[in-house]
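First the structure, in the form of structure tokens, and then the observations on it.
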Amino acid sequence: MGERYTQFNLRLPNGYEACLNDVARDERVLLCWWDRAVFSVLLSGVIRAEERRRFEPVLESLVAEAGIGQLSFERVEDYSWREMRQARMEPLQVGRFWIYFDANVSAPEGSVPLYLTEVGAFGTGHHVTTGHCLQALERLTQPPRRVADVGCGSGVLSLAIAALWDTELVACDIDPKSVLVTRDNFAANGVNAQAVRSDGMAHPSMQGPYDLIVANVLNDVLQELAPDITARLSPQGKAILSGISISGCDRIIDLYTAHGLTLEHRQEERGWATLVLTRPL
Ligand SMILES: C[S@@+](CC[C@H](N)C(=O)[O-])C[C@H]1O[C@@H](n2cnc3c(N)ncnc32)[C@H](O)[C@@H]1O
0 MGERYTQFNL
10 RLPNGYEACL
20 NDVARDERVL
30 LCWWDRAVFS
40 VLLSGVIRAE
50 ERRRFEPVLE
60 SLVAEAGIGQ
70 LSFERVEDYS
80 WREMRQARME
90 PLQVGRFWIY
100 FDANVSAPEG
110 SVPLYLTEVG
120 AFGTGHHVTT
130 GHCLQALERL
140 TQPPRRVADV
150 GCGSGVLSLA
160 IAALWDTELV
170 ACDIDPKSVL
180 VTRDNFAANG
190 VNAQAVRSDG
200 MAHPSMQGPY
210 DLIVANVLND
220 VLQELAPDIT
230 ARLSPQGKAI
240 LSGISISGCD
250 RIIDLYTAHG
260 LTLEHRQEER
270 GWATLVLTRP
280 L
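Just so we're aligned: the sequence shown equals residues 0 to 280 in numbering that gives the first Met the number 0.
Below you can see the structure in the form of structure tokens.
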């Protein structure tokens, strides 16, 4: 059996963020996030009736105060990805990076080891788009000081960034499960970085400016994120964009160059494209 989680969702009008700090500090809370007017909290374990009482007084007073709030608890069976943890996956070499899934194996000399304890999120290194991003990171000559990893999945790109440079790093994903996986992988690799649940760069801790933004997400997400990604790059900052279907690649280039970036590198393989763009001085 995998671990079980409970998520509760609270619909509130804007302006109630601060009131929820008491809830967010509870030791059972793994992750809290806002999505439009809904505040969601993910707790470890199946929450029993008596445990609910720890949360309900705070929440219900908020609901009463807000007038139009609605509280709902739901069991989230889907968060049982730890069942997928297994040592069956063989280590993988991508350039200098050596991605491994079993703590008992040792890395080849000269490689940069990245240990993935959790494989329940996208980003084992096997996908061509992840490989392109890792190669693009290796090609960077100027160490970035501040970096954002948008759509972090397993956090594999962040692990690579933390292994290469001493940076201030923030990773985000729209999927709460990926955020938890990334946090586990950060802990397992001794990486001191933030992983937050965020739709694009909406989270308050993702305002930048960044010397490097990596975003391996699909074309439509890259289109939506173009204003934020381009605005949050510092002068000479670079964006590594991947997950792009080759057929839609020119549109992505047009969009990002229209926002002031210069195309530096384009890589295509098996239907996927990866771009490196720079913000000029
Ligand atoms: C292709 S995976 C990339 C994972 C990892 N960065 C890698 O390169 O292997 C894309 C990730 O982006 C996330 N994602 C999709 N839309 C997003 C959005 N609007 N904001 C943040 N993350 C998003 C997905 O949940 C998924 O984990």
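We treat Cβ as the ideally placed atom computed from N, Cα and C, and that holds for glycine.
- Here the distance from the Cβ of Ile212 to the nearest heavy atom of ligand 1 is not below 7 Å.
- A distance below 6 Å between beta-carbons, with the five flanking residues on each side excluded, links Val93 to the following residues of its chain, in chain order: Gly124, Gly130, Leu133.
- For Ile228, the secondary structure class from DSSP, reduced to helix, strand or coil, is helix.
- Comparing C-alpha distances from Trp271 to each of Met200, Gly259, Ser246 shows the shortest one belongs to Ser246.
- For His131, the enclosing alpha helix (DSSP H) stretches over residues 127 to 138.
- Annotation: the continuous beta strand (DSSP E) that includes Ala272 extends over 271 to 277.
- Beta-bridge partners of Trp97 (DSSP): Gln92, Pro112.
- Shortest gap from the CB of Ser177 to any heavy atom of ligand 1: under 7 Å.
- If you draw a 10 Å sphere on the C-beta of Asp210, you find 16 or more other C-beta atoms in it, and that means buried.
- A distance below 8 Å separates the beta carbons of Val213 and Ile239.
- For Ile252, the enclosing alpha helix (DSSP H) has its first and last residue at 248 to 257.
- The residue among Tyr255, Leu30, Leu254, Ser241 with its C-alpha nearest the C-alpha of Arg269 is Ser241.
- Per the C-alpha coordinates, the member of Leu156, Cys248, Ile160 positioned closest to Pro142 is Ile160.
- Beyond the five residues adjoining it in sequence on each side, Pro234 comes within less than 8 Å, by CB distance, of Arg278, Pro279, Leu280 in the same chain, given in chain order.
- The C-alpha of Arg250 is placed about 41 Å away from the C-alpha of Pro107.
- The beta carbon of Leu113 lies closer than 8 Å to those of Phe96, Trp97, Ile98, Tyr99, Gly124, Val155, Leu158, Ala159, Ala162, Asn188 in the same chain, with the five residues before and after it left out.
- Not one heavy atom of ligand 1 falls within 7 Å of the beta-carbon of Asp249.
- In its chain, beyond the 5 residues on either side, Gly242 have a beta carbon closer than 6 Å to the beta carbon of Leu217.
- Linking Gln222 to His258 through their CA atoms gives a straight-line distance of about 11 Å.
- One thing to note: Pro175 has its Cβ within 8 Å of the Cβ of Leu30.
- Distances from the CA of Gly207 to each of Arg182, Val190, Ala102, Asp148 were compared; the closest alpha carbon is that of Asp148.
- The closest CA to that of Ala102, considering only Val111, Gly109, Thr116, Ser110, is found on Thr116.
- Arg231 sits buried, since 16 or more C-beta atoms from the chains shown fall within 10 Å of its C-beta.
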